[in-house]
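Okay, structure first, notes after.
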């Protein structure tokens, strides 16, 4: 539990206060963001053709991989926003944009909407329910899967091995959730079959690309770019909640952290760093994140939490990914502890590095 003096409020309590202070246009879909999909895929297709046909000198192949990976991350950000309803309207169009955006990761829109939209957003920061939270100390001590997650896929404890959570995190977690869905109520059998078909269709697309360009080129136009895309996307994802406390109430100003970058990078990443704002209004395009931030800072200056992205990553690297209790992180190997981020008394500075 958080500090006894800290009252927790559900999403709806904040939304009732903030919504009237926002322009009506903020709640309209940001349709122009769908144009990022053909733009990014045009770059991916052109570079794939150029590399596979011998028009790119081999010393530049890694550069091509980085650019393709950045484009893959870009369409992933579009997919996330679209599947929340922030880009287009209509169930079929939402699913199509979501599938195209998640194609690099072969993530099923059906799986994502169940795992992320329904479970994560409704139970954010709740231990044993939120699929995106790291384990408690009890879970770490009693569950092998929790130990593997914290020790090998957790950025922290100043370990180089924690980089695996960035390099392969979204790929690994999406595969894990898909495999575990059969033994849970996450998806009904018909919806699970749909999710499998959506993912396998993506696999078939990339298998076709591999057959067309050959194995060597495929490593540089898909395998390495996928690692780049994982790294870009996971750099944001790991900061969203993993420095924040576990909570019995889904309070987005306590269980979430927004991160900032130079404006041009925020534009290229579709303002994905406005994560507190996103959890408050998940169906709103993060294009309006800065407007929501201004209102939150004015209304709740002691509760709103934000860090520059590099500072958040440094703090993750220096701390641990196991919860001793709701507001304390612990290294289970050394016993060293760190406090989670928490709202501060009015008039005090925000979190630092």
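Residue numbers (our numbering): 6 to 358. For glycine and all other residues, C-beta sits at the position ideal for the given N, C-alpha and C.
| Asked | Found |
| --- | --- |
| DSSP state of residue 202 mapped onto helix, strand, coil | helix |
| Beta-carbon gap between residue 214 and residue 74 smaller than 9 Å | no |
| Given 8 Å, three or more beta-carbon pairs between the region 50-69 and the region 279-292 | no |
| Buried or exposed (CB count within 10 angstroms, at least 16 for buried), residue 60 | exposed |
| Exposed unless 16 or more other CB atoms sit within 10 angstroms - verdict on residue 299 | exposed |
| Residues near residue 43 in its chain [Cβ-Cβ closer than 7 Å; skip 5 each side] | none |
| First and last residue of the uninterrupted alpha helix (DSSP H) at residue 156 | 149-157 |
| 7 Å CB neighbourhood of residue 247 in its chain, flanking five on each side removed | 139, 321 and 326 |
| Whole-number beta carbon distance between residue 180 and residue 404, since they are thought to touch under 8 Å | Nothing in the structure corresponds to residue 404, since the chain is present only between 6 and 358. |
| Sheet register partners of residue 344 (DSSP bridge) | 333 |
| Span of the alpha helix (DSSP H) around residue 114 | 114-117 |
| Extent of the continuous beta strand (DSSP E) run through residue 141 | No beta strand (DSSP E) holds residue 141; DSSP gives it neither H nor E. |
| Pick from 101, 89 and 45 that is closest to residue 80, judged by C-alpha positions | 45 |
| Separation of residue 201 from residue 307, as counted between CA atoms | 44 Å |
| Local Cβ density within 10 Å of residue 135, reported as buried at 16 or more and exposed below that | buried |
| Segment contact, 8 Å Cβ cut-off, at least three pairs: the region 248-267 with the region 275-285 | yes |
| Three-state class that DSSP yields for residue 327 in the structure shown | coil |
| Beta-bridge partners of residue 313, as assigned by DSSP | 265 |
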